[in-house]
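First residue of the sequence shown? That's 1 in the working numbering, and the numbers climb one at a time after it. Have a look at the structure below before the remarks.
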Amino acid sequence: MARYSSTTVAETQPGARPYDDRMTAIPATFRAYVATRGDDAFERGVRQFAETDLPPGEVEIRVAWSSVNYKDGLATREDGKVARISPLIPGIDLAGEVVASADPGIAVGTAVLAHGYEIGVSRHGGYAEYQRVPANWVVPLAPGLSPRDAMSIGTAGFTAAMSVAALEERGLTPPDGPILVTGASGGVGGTALAILADRGYEVWAATGKADEAARLVSLGAAGILTRDEVTAEGRPLDSERWAGAVDAVGGATLPYVLRSLRTGAAVAASGNAGGMKLETTVFPFILRGVALLGMDSVNLAIARRRDLWDRLATDLRPRDLGMHVTEVTLDTLDQALDGIVAGAARGRWIVRVEE
Ligand SMILES: NC(=O)c1ccc[n+]([C@@H]2O[C@H](COP(=O)([O-])OP(=O)(O)OC[C@H]3O[C@@H](n4cnc5c(N)ncnc54)[C@H](OP(=O)(O)O)[C@@H]3O)[C@@H](O)[C@H]2O)c1
Numbered sequence: 001m002a003r004y005s006s007t008t009v010a011e012t013q014p015g016a017r018p019y020d021d022r023m024t025a026i027p028a029t030f031r032a033y034v035a036t037r038g039d040d041a042f043e044r045g046v047r048q049f050a051e052t053d054l055p056p057g058e059v060e061i062r063v064a065w066s067s068v069n070y071k072d073g074l075a076t077r078e079d080g081k082v083a084r085i086s087p088l089i090p091g092i093d094l095a096g097e098v099v100a101s102a103d104p105g106i107a108v109g110t111a112v113l114a115h116g117y118e119i120g121v122s123r124h125g126g127y128a129e130y131q132r133v134p135a136n137w138v139v140p141l142a143p144g145l146s147p148r149d150a151m152s153i154g155t156a157g158f159t160a161a162m163s164v165a166a167l168e169e170r171g172l173t174p175p176d177g178p179i180l181v182t183g184a185s186g187g188v189g190g191t192a193l194a195i196l197a198d199r200g201y202e203v204w205a206a207t208g209k210a211d212e213a214a215r216l217v218s219l220g221a222a223g224i225l226t227r228d229e230v231t232a233e234g235r236p237l238d239s240e241r242w243a244g245a246v247d248a249v250g251g252a253t254l255p256y257v258l259r260s261l262r263t264g265a266a267v268a269a270s271g272n273a274g275g276m277k278l279e280t281t282v283f284p285f286i287l288r289g290v291a292l293l294g295m296d297s298v299n300l301a302i303a304r305r306r307d308l309w310d311r312l313a314t315d316l317r318p319r320d321l322g323m324h325v326t327e328v329t330l331d332t333l334d335q336a337l338d339g340i341v342a343g344a345a346r347g348r349w350i351v352r353v354e355e
């Protein structure tokens, strides 16, 4: 039972913070999926978590949905090198309803999401029935975007939208030519494909999964490239093919993208699912004016983050929103966390937290 739930902390005690005076809407204990690193053991699984072990924050959220991102897979592995605290409630994104707030701009009952910054890495995240976060990390959901929708997009889909926005802010338009999306069966890639196709681009999808081709074409892909085609060793410059690219794979794929971009084109690069080492020459940059645009969704300023989420509810709304998702619960999370690191993503996994 909640000990405090009907009004905001700010309404009852101006300036008070839920964690200061123990006025909290969060039950004394609640269910959470927790990863714990001991001296010689690593454990993960569902257990009761104490409200008093949550960090401070002005906004308390009853989590309805979270999702599974590549980083979550790493945060829940012994060799993942992502988790910064132990025990950690992982889950780099979450969506639900505000149950207490010390911020006058965020009312109790508001549907919100939170992701990025320290969430799910150095501060507890979305795999829990309740979470407490700083007010300036909270994104109120735009009309037409439910908490389930928001987590169907999740951090991966948000990064896809960020990538498309970055390319377009640099001047990219559909008549410029074909766009390449790599890792297309995954979260970032699949959402980028859906958004770009809806905006009228000719999008080509690179995938390591031949049996995903039909789904990717149904999402809007004009053509498919195999992973071998985009990871093969090549000359310092290939023939100019792509007017732009979205890459969340890195590794051996990003060098191919760079050397096959057209003069003046850019790639929005966000990930390392295929490896973190980048071996390239400087020729794409100095002979073709190609640009490598780094995407960092973690540290993005909150105003820009809120704007992009508003656009995800409107002109950047993925055409397959809520469709290519597999639901898991806190009790069945393990398979998704292991699957995403193994490169087995087909769309996105979302986590139903609310029973
Ligand atoms: N910079 C940021 O802010 C940010 C935000 C979100 C995600 N990311 C990063 O972006 C990457 C993708 O994240 P995601 O959540 O979209 O993951 P995901 O759903 O697992 O998608 C990654 C896809 O990459 C492809 N891939 C290519 N080579 C691979 C390999 N050797 N091992 C595994 N997968 C390989 C696979 O698609 P195909 O089989 O279709 O090729 C896979 O489905 C991750 O590195 C993640 O950390 C960064």
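Note that CB positions come from ideal geometry on N, CA and C, so glycine has one too.
Would you say the beta carbon of residue i comes nearer than 7 Å to a heavy atom of ligand 3?
i: Asp296; result: Absence of ligand 3 from the depicted structure is noted, with ligand 1 being the only ligands included.
Which same chain residues end up closer than 6 Å to residue i when comparing Cβ atoms and leaving out the 5 residues on each side of it in sequence?
i: Asn136; result: Ile302
i: Ala232; result: none
i: Arg262; result: Glu240 and Ala243
i: Ile26; result: Glu51, Glu60 and Tyr130
i: Leu216; result: Ala184 and Ala205
i: Ile224; result: Ala205 and Ala213
i: Thr110; result: Val98 and Pro140
i: Arg352; result: Glu327 and Thr329
i: Val257; result: Ala245, Asp247 and Val267
i: Val133; result: Gly57, Val59 and Ala114
Which class does residue i belong to by DSSP, given the choice of helix, strand or coil?
i: Tyr70; result: helix
i: Tyr130; result: strand
i: Ser86; result: coil
i: Asp198; result: helix
i: Ala166; result: helix
i: Glu354; result: coil
i: Ile26; result: coil
i: Leu113; result: strand
i: Ala268; result: strand
i: Leu261; result: strand
i: Val341; result: helix
i: Tyr19; result: Confidence at Tyr19 is low in this model, with a pLDDT of 48, below 50, so the placement of that residue should be treated as unreliable; the coordinate-derived value is given next. Tyr19: helix per DSSP, three-state reduction.
i: Pro147; result: helix
i: Thr36; result: strand
i: Gly347; result: coil
i: Pro178; result: coil
i: Gly294; result: strand
i: Gly223; result: strand
i: Val121; result: coil
i: Arg31; result: strand
What does a CB cutoff of less than 7 Å around residue i pick up in its chain, not counting 5 residues either side in sequence?
i: Val82; result: Lys71, Leu74, Ala75 and Val121
i: Phe283; result: Pro236 and Leu237
i: Tyr117; result: Trp137 and Val298
So which of the options has the shortest CA-CA distance to residue i?
i: Gly275; options: Asp79, Asp315, Thr207 and Leu254; result: Leu254
i: Ala161; options: Glu355, Leu321 and Val328; result: Leu321
i: Glu169; options: Ser297, Leu293, Gly126 and Thr329; result: Leu293
i: Ser101; options: Trp65, Gly116, Glu354 and Pro140; result: Pro140
i: Ala252; options: Leu278, Ala243 and Ala266; result: Leu278
i: Gly38; options: Gly343, Pro87 and Val63; result: Pro87
i: Asp176; options: Ala336, Ala291, Tyr201 and Ala165; result: Tyr201
i: Gly234; options: Thr280, Ile179, Ala210 and Ala35; result: Thr280
i: Val249; options: Arg305, Gly289, Leu180 and Asp307; result: Leu180
i: Pro174; options: Val188, Arg304 and Ala245; result: Ala245
i: Leu312; options: Gly45, Val133, Asp198 and Ala269; result: Asp198
i: Val112; options: Glu43, Asp103 and Val63; result: Val63
i: Ala142; options: Gly125, Phe42, Pro318 and Leu308; result: Leu308
i: Arg47; options: Asp315, Ala150 and Phe30; result: Phe30
i: Ser67; options: Asp53, Asp247 and Gly96; result: Gly96
i: Gly264; options: Gly80, Arg317 and Leu287; result: Leu287
i: Asn272; options: Ser146, Asp334, Gly289 and Gly187; result: Gly187
i: Ile89; options: Asn69, Val108, Phe49 and Ala107; result: Phe49
i: Arg306; options: Gly125, Tyr127 and Leu145; result: Leu145
i: Gly157; options: Ala32, Arg319 and Gly80; result: Arg319
i: Glu43; options: Gly289, Ala342 and Asp334; result: Asp334
i: Asp211; options: Asn69, Ala344, His124 and Thr155; result: Ala344
i: Asp315; options: Gly91, Ala165, Val341 and Ala107; result: Ala165
i: Leu172; options: Val341, Ala336 and Ala291; result: Ala291
Provide the residue span of the beta strand (DSSP E) that contains residue i, from first to last.
i: Glu97; result: Asp93 to Ser101
i: Ala210; result: Where Ala210 is concerned, there is no enclosing beta strand (DSSP E), given that its DSSP letter is neither H nor E.
i: Gly45; result: Phe42 to Ala50
i: Glu327; result: Val325 to Thr329
i: Pro236; result: No beta strand (DSSP E) contains Pro236, which DSSP labels as neither H nor E.
i: Gly244; result: Trp242 to Asp247
i: Pro140; result: Val138 to Pro140
Going by DSSP, what residue range makes up the alpha helix (DSSP H) through residue i?
i: Ile302; result: Ile302 to Leu312
i: Leu287; result: Phe283 to Arg288
i: Val230; result: Arg227 to Thr231
Tell me which same chain residues have a C-beta within less than 8 Å of the C-beta of residue i, skipping the five on either side of it?
i: Val325; result: Ser152, Gly347, Arg348, Trp349 and Ile350
i: Glu354; result: Arg62, Val63, Ala64, Trp65, Gly96 and Glu129
**Prompt:** Hey, is the stretch 185 to 196 in contact with the stretch 215 to 226, meaning 3+ C-beta pairs nearer than 8 Å?
**Reply:** yes
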